[in-house]
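Here the structure is laid out as structure tokens; the discussion comes afterwards.
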Amino acid sequence: MPILPLYGHETLRGRLRDAHARGALPASLLLHGPRGIGKQRLALWLAQTILCTATAERPCGTCTACRYVLQLAHPDLRWVFPHENFKLDDPTAQETFDAFAELIAARAESGGLYAPPSTSHGIYVDDVKALVHHAALTPALGAHKVIVVGDVDAMRFSSENAASNTFLKLLEEPPADTTIILTTSEAGELLPTIRSRVIAMRVAPMPEHDVRAWLADPAVAAALDAREVPKGDAARADLAAGTPGTLLGGASREAALASARRLLAAATADRATRFRTAFSLGGSKARGAFTEALDALTLLLHQRARDSLAHDDPRAAAAAGHAIDAVQEARAYAGGNVNPQLLGAVLLERLGRELA
């Protein structure tokens with residue numbers, strides 16, 4: 000069965016399609032933006048566009064190459080993403096890709112609907128070595144190969160940064176027949192040397208009409224029902240707040256919401272409580288969980304603003320709006336090399352003033 004269609008991002012798709020048609024598509028791209036907006040699905044759509052064999056507008060969706068991509072089975076497409084360490088002993092590239100095949104098959108079976116990766120998952124040096132090997136091969140079906148690396152910020156560095164250095168060499172000298180597409184929700188986590196060798200394109204949150212179109216897909220509805228997400232497209236669209244993929248988060252989504260509720264409660268408590276809560280956020284290694292909590296906090300504040308308006312309380316709605324601005328500013332800083340405890344302390348002080 001093919002994975003679900005790509006919903007939304009029409010303007011960006013048009014730019015990418017036009018660049019490919021003109022032969023101006025960069026050899027290495029970085030798609031960055033908030034978690035849950037479909038960046039990896041967009042990357043797979045671009046891979047399909049590149050590998051499509053139609054002579055008219057691409058991707059056609061019906062040629063052999065398109066059908067293979069939609070089934071996540073095209074031999075000239077390699078998709079890697081964070082995972083538990085395979086713990087293979089000096090694996091060959093094929094052994095690494097065989098291990099990935101099981102993970103990809105599970106994603107294909109779900110129609111491409113999957114939860115965000117755990118913060119303990121990574122992209123390892125053996126994964127990168129396999130990609131380098133793939134890039135050196137002659138394309139199996141067409142004239143081009145595509146490498147998609149989802150959540151590239153989760154790359155795990157072995158001794159002396161072996162994984163990053165190996166990947167950097169691939170970015171420095173990619174084969175002419177290979178396009179590399181990276182995605183990240185944490186652009187600030189990437190090494191400057193990697194960021195400098197890719198063309199970055201921001202992917203915006205999805206507008207409500209695109210979110211609702213995604214929610215109307217029967218496979219999406221079934222997946223969300225299984226995760227006990229509140230029913231009703233209106234409620235789900237509100238929860239998504241432009242990032243519908245976050246609704247698939249399951250346990251990680253609930254953990255982020257719980258953390259966001261603690262932050263919101265602490266914001267209007269005494270200063271000692273605010274500092275204790277900020278200290279509980281953890282150090283630099285907890286940045287992924289912290290940014291997820293900030294995203295969830297934005298959702299809670301949006302709900303507070305809507306409830307305030309529904310109860311004819313414009314002052315409280317305005318306060319929630321100012322608080323959202325504060326969270327979004329903190330979210331931008333969180334993408335860089337900032338300690339969550341320090342940033343959290345500053346944010347809670349500001350939220351305390353805004354929500355008092």
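Residue numbering for the sequence shown follows numbering that gives the first Met the number 0, starting at 0 and increasing by one per position.
For every residue, glycine included, the Cβ atom is placed at its ideal position computed from N, Cα and C.
Just so it is clear, the structure is predicted and the values come from calculations on it, not from any experiment.
Secondary structure within the segment 135-170: the beta strand (DSSP E) runs of 3 or more consecutive residues, fully enclosed, are 144-148 (chain order).
A contact is defined here as three or more CB-CB pairs under 8 Å, and the segment 22-37 fails this definition with respect to the segment 94-109. Taking all protein chains shown into account, H8 has 16 or more neighbouring C-beta atoms within 10 Å of its C-beta and is therefore buried. Ranked by how close their Cα comes to the Cα of S184, the residues R330, E353, N164, Y6 have R330 in first place. Check the Cα spacing between T178 and each of L15, A322, H310, A53: the tightest is with L15. According to DSSP, residue pairing for H82 in a beta bridge involves G121.
With a cutoff of 8 Å on beta-carbon distance, L130 and R194 are scored as not near each other. The beta carbons of L112 and L308 sit no closer together than 8 Å.
Secondary structure of S279 (DSSP, three-state): coil. CA-CA distance, L256 to A18, rounds to 39 Å. Check the Cα spacing between L136 and each of Y67, P174, A64, P243: the tightest is with P174. Taking the Cβ atoms as the reference, T95 lies roughly 5 Å from D125, within the contact range of under 8 Å. Measuring C-alpha to C-alpha distances from E207 to each of T192, A142, P243, T276 identifies P243 as the nearest. In the three-state scheme derived from DSSP, where H, G and I count as helix and E and B as strand, S258 is classed as helix.
Around the beta-carbon of R201, fewer than 16 other beta-carbon atoms lie within 10 Å, marking it exposed. Restricting attention to P116, V147, A288, I180, the CA atom closest to the CA of N84 is found in P116. Per DSSP, the beta-bridge partners of S27 are I179. Ranked by how close their Cα comes to the Cα of Y6, the residues A316, A26, W44 have W44 in first place. Between L347 and T276, the C-beta gap is smaller than 8 Å, which places the two residues in contact.
Residue pairing for M200: DSSP places it in a beta bridge opposite L30. With fewer than 16 other beta carbons inside 10 angstroms of its own, Q93 counts as exposed. Distance from L41 to A199 at the Cβ level is roughly 14 Å; contact not present, criterion being Cβ atoms closer than 8 Å. In the displayed model, L298 falls within a helix according to three-state DSSP.
Bridge partners of R66 according to DSSP: none are assigned. One thing to note: A153 has its Cβ no nearer than 8 Å to the Cβ of G187. Here R235 is buried, its C-beta having at least 16 other C-beta atoms within 10 Å. L190 carries a coil assignment under DSSP once its states are collapsed to helix, strand and coil. Taking all protein chains in view, the Cβ of T192 is surrounded by fewer than 16 other Cβ atoms within 10 Å, so the residue is classified as exposed. D150 is classed as buried because its beta carbon has at least 16 other beta carbons within 10 Å across all chains shown. For T10, the enclosing alpha helix (DSSP H) covers residues 9-20. Sequence-distant partners of E171 (beyond 5 residues in either direction) whose C-beta falls short of 8 Å from its own C-beta, in its chain, are R196. Taking C-beta separations shorter than 8 Å and ignoring five residues to either side along the sequence, the partners of L342 in its chain run F289, A329, Y332, A333, following chain order. Just so you know, the alpha carbons of Y123 and A161 end up roughly 9 Å apart.
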